[in-house]
Amino acid sequence: MTKVRQDAWSHEDDLLLAETVLRHIREGSTQLDAFEEVGDRLNRTGAACGFRWNAIVRRKYEQAIGIAKKQRRQKKRDEQRTRVIHPASAVPSMETAYMEDPAEFRQDETEETVSQQTENVPVSPVTDSGKMGLSEVISYLQTLQRNSAAGDRLEKENSHLKAENSRLLQKVDTLEKEVGSLQNRQQTVEDDYQALIGIMDRARRMVAFQDQDSAQGATFKMDQNGNLEKIAK
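Numbering (UniProt numbering), first residue to last: 1 to 233.
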């Protein structure tokens, strides 16, 4: 049956993928076998399942993976203990017999290396066939390079704009202080001008009253508040 491409992964699909991979690790099988098994059950390719595991699901189950590997090593040790021990000339020593299989360590190391490489490389879309041509790889790397250069340029521009914005804010603050000072000075000048106008007005009135009443023999004086007060003779 032809497997149809399905981009959407549900929570149940991810859970099935995780359970299957962990079971294969515990049983000493390979992750590739787990990917193929999940692919058959979900009608996906093994490459698509492997990409989903390494890119998304694996990071959520790091602790469970470690436990599964310990269980696999314990299972191998138990199997080695149950083997019939032959004469020393025909089999390795007891110390060698109880050593863990070096192939197991190579498998663990390979899985960890693949996982680290997957986490450090940006995730790019792939098809269910799991194949990318050389031209696609080159194009993808060129796109990453352009994006990196554009990101550096934008970061520099952002830093420059932040510095310019800080400088303008300081200038605005200085101008606001100068405006406030000028407003205070203007208010003081206006107050002084109004006081001067009042004094001059009262002086004119005093002169007018004195001229008017001089013929009548009346005398006026100005008190400390600027009001005219008639002096009786």
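The beta carbon of each residue, even a glycine, is placed where N, CA and C say it ideally should be.
Output yes or no for whether 8 Å exceeds the beta carbon distance between residue i and residue j.
| i | j | result |
| --- | --- | --- |
| Gln31 | Val21 | yes |
| Phe35 | Gly28 | no |
Please report how far the alpha carbon of residue i lies from the alpha carbon of residue j, in whole angstroms.
| i | j | result |
| --- | --- | --- |
| Asn43 | Phe51 | 15 Å |
| Asn158 | Glu164 | 10 Å |
| Gly133 | Asp173 | 59 Å |
| Thr82 | Leu144 | 54 Å |
| Ile67 | Ala18 | 13 Å |
| Arg167 | His160 | 11 Å |
| Val207 | Gln187 | 30 Å |
| Glu155 | Tyr193 | 56 Å |
| Tyr138 | Ile56 | The question names Tyr, yet the displayed sequence has Ile at residue 138. Between Ile138 and Ile56, the C-alpha separation is close to 24 Å. |
| Gln183 | Arg204 | 31 Å |
| Gln71 | Arg41 | 25 Å |
| Leu199 | Lys177 | Per the sequence shown, residue 199 should be read as Ile rather than Leu. Looking at the two C-alpha atoms, the distance is approximately 33 Å. |
| His73 | Asp33 | Just to set this straight, residue 73 is Arg in the shown sequence, not His. Distance between the alpha carbons of Arg73 and Asp33 is about 19 Å. |
Closest to residue i by C-alpha separation, out of the options, would be which residue?
| i | options | result |
| --- | --- | --- |
| Ala8 | Arg58, Lys76, Ala48 | Ala48 |
| Trp53 | Gln74, Glu79, His11 | His11 |
| Leu15 | Gln80, Tyr61, Asp173 | Tyr61 |
| Arg58 | Ile25, Glu176, Ser181 | Ile25 |
Just reading off the alpha helix (DSSP H) that residue i is part of, what are its end residues?
| i | result |
| --- | --- |
| Glu37 | 31 to 42 |
| Thr20 | 11 to 26 |
| Arg72 | 62 to 82 |
| Ala48 | 46 to 52 |
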